[in-house]
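With the working numbering applied, the sequence shown covers 3 to 237.
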Amino acid sequence: MAEKASLKQRIHRGDIIQGVGVPMGIDRPRLEAILSQGSYDYVSVDSQHEAFSEDRLVAVCAMAEDLDIPVMFRITHTRHAYLIGRYLDLGPSSIMVPEVKDEATVDEAIAFFYYPQVGRRSWGGNARRGIKTRPDRLEYAAWWNAYGVLCFQLESVDAITNARRLAKSGIDFVTFGPNDLSYSLEAYPEYPFKTVDDCVRHVIAQLKGSDVKVGMGARTPEERARYIEMGVTVF
Numbered sequence: 003m004a005e006k007a008s009l010k011q012r013i014h015r016g017d018i019i020q021g022v023g024v025p026m027g028i029d030r031p032r033l034e035a036i037l038s039q040g041s042y043d044y045v046s047v048d049s050q051h052e053a054f055s056e057d058r059l060v061a062v063c064a065m066a067e068d069l070d071i072p073v074m075f076r077i078t079h080t081r082h083a084y085l086i087g088r089y090l091d092l093g094p095s096s097i098m099v100p101e102v103k104d105e106a107t108v109d110e111a112i113a114f115f116y117y118p119q120v121g122r123r124s125w126g127g128n129a130r131r132g133i134k135t136r137p138d139r140l141e142y143a144a145w146w147n148a149y150g151v152l153c154f155q156l157e158s159v160d161a162i163t164n165a166r167r168l169a170k171s172g173i174d175f176v177t178f179g180p181n182d183l184s185y186s187l188e189a190y191p192e193y194p195f196k197t198v199d200d201c202v203r204h205v206i207a208q209l210k211g212s213d214v215k216v217g218m219g220a221r222t223p224e225e226r227a228r229y230i231e232m233g234v235t236v237f
């Protein structure tokens with residue numbers, strides 16, 4: 003039987019991907035109940051706007067691994083990109099970096115997300131996703147570099163303008179923070195794109211032909227269908 007495609011592989015081949023947010027302190031019965039309500043490809047937990055502890059991150063990642071679903075973790079701050087390797091040692095399969103607007107942040111995120119010879123992530127961590135079945139250093143590093151999902155949020159006019167430059171090899175998809183992006187659009191009334199949807203369309207056009215996909219939050223099936231029609235594939 004062929005091995006099931008990973009989340010990273012499915013993102014890159016353009017599958018429609020659906021995630022669901024869960025609280026950091028969730029217990030297993032509640033996690034199982036949420037997952038039973040839909041066909042979800044990953045769960046996400048947040049430390050940017052919610053309470054966060056490393057112990058709880060380890061616990062929710064362990065539960066999710068036991069249930070064979072990846073965990074996406076949004077880090078606390080853009081400037082914490084240098085800690086991505088540390089966060090990954092606690093069990094997430096995916097990292098989201100918020101409020102990215104310059105290439106230095108992207109380069110730093112890639113460096114600390116991937117193991118050598120792609121990046122410079124340090125070896126270690128008993129809670130890492132998949133480490134129990136791949137204890138060999140080189141085998142695990144090669145597996146991780148082909149498995150882990152790295153994404154970032156575009157939340158400013160600078161990020162929208164520079165999206166093509168920011169979407170470097172090693173980034174799996176970009177997504178949007180519509181509320182903070184709206185603040186930025188309101189601060190620049192002469193900017194050629196007036197709405198978040200205008201920005202989404204522009205970024206999709208900029209990334210056409212690249213290996214980087216586009217994601218977006220959608221609250222209703224109708225909203226999701228509208229974004230799919232635009233070219234969004236990760237939700």
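Beta carbons are placed, not taken as given, at the ideal position from N, Cα and C, and that holds for glycine.
Relative to the C-alpha of residue 199, which residue among 164, 139, 181, 152 is closest?
Ranking 164, 139, 181, 152 by Cα distance to residue 199 puts 181 first.
Starting from residue 166, trace the alpha helix (DSSP H) both ways and give me its first and last residue.
165 to 168 is the span of the alpha helix (DSSP H), which, as asked, contains residue 166.
Give the straight-line distance between the Cα atoms of residue 163 and residue 154, rounded to the nearest whole angstrom.
Computed Cα separation, rounded: 15 Å.
I need the straight-line Cα distance from residue 2 to residue 222, nearest angstrom please.
The structure shown does not extend to residue 2, since the chain spans only 3 to 237, so no value can be given for it.
Can you list the alpha helix (DSSP H) stretches of 4 or more residues lying completely in the segment 57 to 133, in chain order?
Fully enclosed alpha helix (DSSP H) runs of 4 or longer: 86 to 90, 105 to 115.
Can you list, in chain order, the residues of its chain whose CB lies under 7 Å from that of residue 168, leaving out five sequence neighbours each side?
Within the same chain, residue 168 has close Cβ partners 102, 105, 108, 161.
What are the start and end residues of the beta strand (DSSP E) that includes residue 199?
Note, residue 199: premise wrong, no beta strand (DSSP E); alpha helix (DSSP H) at 198 to 209.
Could you tell me if residue 48 is buried or exposed, where buried requires 16 or more neighbouring beta carbons within 10 angstroms of its beta carbon?
Residue 48 comes out buried.
Within a Cβ cutoff of 8 Å, which residues of the same chain sit near residue 19, ignoring the five residues on either side of it in sequence?
So the list reads 9, 12, 13, 43, 44, 217, 235, 236, 237, once near-sequence residues are dropped.
Determine the direct distance from the alpha carbon of residue 140 to that of residue 112, and round the result to whole angstroms.
Cα-Cα distance, rounded: 19 Å.
Which residue from 130, 33, 186 puts its Cα closest to that of residue 240?
Because residue 240 is not part of the residues shown, which for the chain are 3 to 237, the question remains open.
Identify the residues that DSSP records as bridge partners of residue 155: which are they?
BP columns for residue 155 point to 177.
Provide the residue(s) that pair with residue 22 in DSSP beta bridges, ordered along the chain.
Its beta-bridge partners are 45.
Give the DSSP-derived three-state secondary structure of residue 6 in the structure shown.
Looking at residue 6 - three-state DSSP - the assignment turns out to be coil, as it is neither helix nor strand.
Using C-beta distances below 6 Å, list every residue in its chain close to residue 172, excluding the 5 sequence neighbours before and after it, in chain order.
Closer than 6 Å at Cβ, skipping near neighbours: 112.
Let me check one thing: in DSSP terms, what residues is residue 217 bridge-paired to?
Beta-bridge pairing links residue 217 to 236.
For residue 85 and residue 122, what's the separation of their Cα atoms in angstroms?
The alpha-carbon atoms of residue 85 and residue 122 are separated by roughly 12 Å.
Where does residue 51 sit, in a helix, a strand or coil, going by DSSP?
Coil at residue 51, not helix or strand.
Round the Cβ separation of residue 202 and residue 178 to the nearest angstrom and send it over; I've been treating them as touching at under 8 Å.
Contact holds; Cβ gap of about 6 Å.
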